[in-house]
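Step one of this worksheet: look at the structure below.
Residue numbers (the UniProt record's numbering): 1 to 644.
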């Protein structure tokens, strides 16, 4: 589109400028009336990313008892890999956590520590960032490649930087130390041999397994090395970090409110001595302290609460363009919203350039250095039961009542669909594959509208081949104002043992398309109908749903985005239970839970932040809805004489 040509301006001598664009964030905050100590503290705590973030931080910390303490932050300099090598390290992080449990390396993302933590005044934030930028530009051509030697001991497994490359990094740090001395900032050089820690402080019986996993890491993959300046609240050092999984509203005055996207700092002694599962902790988001239920949180990486002040991606990018081709610009933070909880910038706002990975694996999204998730946040899976079905509402004989001898559909209740799809098997095909009622469509559309209002973004939609599930999915998408194709996945069908006599005659993709449903004609299912076994046990049912769910999640792992499954009532449990690490239910428990899942109920699962492919159940972000039974009305009862 062509741009409108601007007319030439006529300038007046001595014309007064009324717009001041060269003011610093600190000057603006001071003009807004914030005390200098608070303004500088807010800018340091948000990485000096602008006035809006600083204001949000001050607002959220209004009840922080340490708000007016002149407390310096601790800073450190990391060299971080990006691209295929980074992904290789992340895969190791994931495998080691799953197979050997937590060790201290899981507290961090893959990195080389270049200096010990040092303290600096909050007023020095801009100077620190500027110095890191200048240093990285000076050494960018020397950081094109690093090589490592594998090393392990009783409590450590990692990679040491080879001496020839370590000399360059030490020279870089000497220059940084000298620059900091000019501003009276004392930085101590890192005395240990430069390395990447793969695992340390682990149980002795895990050593052989960790060594085996580490030796399979391909350290020769290409990488782009990013020089980064991070800071942390020094009072929170040596405390465990727990991510909030479920929100919690305090019931008594000494309890801590748990908010979405918050992290809680807690002493290890609290975790060891508590007898009731309640711990005393401090909110990262507000600075307030209080008691909180441990079951509402999970342990997370310490670096999740760090702030990234500077990254040398742009300068290092220029050094790589000749070798790998043009690299796209690197974002440095998440999109900023007005709420303090979503807009405060931490080390999670890394926006890593994954261009090397794109060339190596064909991926299309940048990933977080620790979790490998999309920059928009962790993936979520929503499993929804279909809406109210016709056969359960009007009985099994509804087909005889609604179809004449010619096979034409006749509606005899306002809650019945206005029309039904044409099927090659005729009306009897509906006997085991019922449509949903008008109320069912309303339930599904209402759910979709609620998801739309909550700004839930769905990237991939799957449905059981049952007509009631396809119709429900279509109405949910209508309520969400979302134009997505529905992937028909037979593996999401309900327990096959309920169909001992015969399986349903599902509508073909062509029939569904002709009926107006937006189904994906080219989708190849994970579990075909030909693999259905009517002698399926409960255990095999859970295994089928788990396999299908994991295969679908794996398929979209690199694309990112949340998923919607529209299935059957019990599938809210069977599609998520094994996914979150729980065993399948017994037959009695299986039948008990079936009765408690109403139409259009929602199960929500979210990918964990520490390692990929680890999921947990969360509270659905949309409200449930309930309504009373409404029996069919017969007007002739008004004509009947009273007996009493």
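A virtual CB, placed ideally from N, CA and C, is assigned to each residue, including glycine.
Assignment of residue 423 by DSSP, reduced to helix, strand and coil, places it in the coil class.
Residue 532: not part of any alpha helix (DSSP H); DSSP gives it neither H nor E. When the five nearest sequence neighbours on each side are left out, the beta carbons in the same chain lying within less than 7 Å of the beta carbon of residue 283 are those of 256, 262, 264, in order along the chain. In the same chain as residue 381, and ignoring 5 residues on each side of it, the C-beta atoms closer than 6 Å to its own belong to 563, 605, in chain order.
Cβ-Cβ separation between residue 444 and residue 623: approximately 15 Å, too far for a contact (criterion under 8 Å).
Counting of Cβ neighbours within 10 angstroms places residue 596 among the exposed residues, the total staying below 16. Under DSSP, residue 263 shares a beta bridge with 243. Going by beta carbons, residue 219 and residue 161 fall outside the 8 Å limit. Note that the C-beta distance between residue 429 and residue 514 is not below 8 Å.
The beta-bridge partner set that DSSP reports for residue 119 consists of 74. Within the DSSP bridge table, the entry for residue 293 names 278 as partners.
The stretch 96-108 makes contact with the stretch 210-229; the number of CB pairs closer than 8 Å reaches 3 or more. Under the 8 Å Cβ criterion, the stretch 561-575 does not count as touching the stretch 521-532, having fewer than three qualifying pairs. In the DSSP assignment, residue 104 falls outside any alpha helix (DSSP H) and carries neither an H nor an E. Annotation: the continuous beta strand (DSSP E) that includes residue 195 extends over 195-200. In this structure, the straight-line span from the alpha carbon of residue 462 to that of residue 473 is close to 8 Å.
Beyond the five residues adjoining it in sequence on each side, residue 180 comes within less than 6 Å, by CB distance, of 187 in the same chain, given in chain order. The stretch 398-413 and the stretch 474-490 do not touch, with fewer than 3 CB-CB distances between them shorter than 8 Å. For the pair residue 572 and residue 384, the Cα-to-Cα distance works out to about 7 Å.
Residue 230 is a Cβ neighbour of residue 306, given a cutoff of 8 Å.
DSSP assignment within the stretch 136-194 yields the following whole alpha helix (DSSP H) runs of 4 residues or more, N-terminal first: 163-181. In terms of CA proximity to residue 206, 156 leads the group 156, 174, 253. Residue 467 holds the alpha-carbon nearest to the alpha-carbon of residue 422 among 467, 441, 413, 446. For residue 391, the uninterrupted alpha helix (DSSP H) segment begins and ends at 390-394.
Beta-bridge annotation (DSSP): residue 79 is paired with 112, 227.
With respect to the C-alpha of residue 42, the residue from 470, 114, 532, 61 having the closest C-alpha is 61.
Taking a cut-off of 8 Å for Cβ pairs, the stretch 234-248 and the stretch 121-135 do not touch, as fewer than three such pairs fall below it. Three or more beta-carbon pairs separated by less than 8 Å link the stretch 52-68 to the stretch 287-296, which places the two stretches in contact. If you check the CB distance, residue 426 and residue 448 do not come in under 8 Å.
Nearest to residue 253 by alpha-carbon distance, out of 237, 276, 292, 273, is 292. About 5 Å separates the Cβ atoms of residue 603 and residue 576, confirming a contact at the 8 Å cut-off. Within the same chain, Cβ atoms closer than 6 Å to the Cβ of residue 495 are found at 541, the five residues on either side in sequence being excluded.
Here residue 488 really is in contact with residue 465; their C-beta atoms are around 5 Å apart, less than 8 Å. Contact between residue 302 and residue 78 is ruled out by a C-beta separation of about 13 Å, above the 8 Å threshold. Here residue 56 is buried. Its C-beta has 16 or more other C-beta atoms within 10 Å.
Boundaries around residue 564 are those of the beta strand (DSSP E), 562-567, since no alpha helix (DSSP H) includes it.
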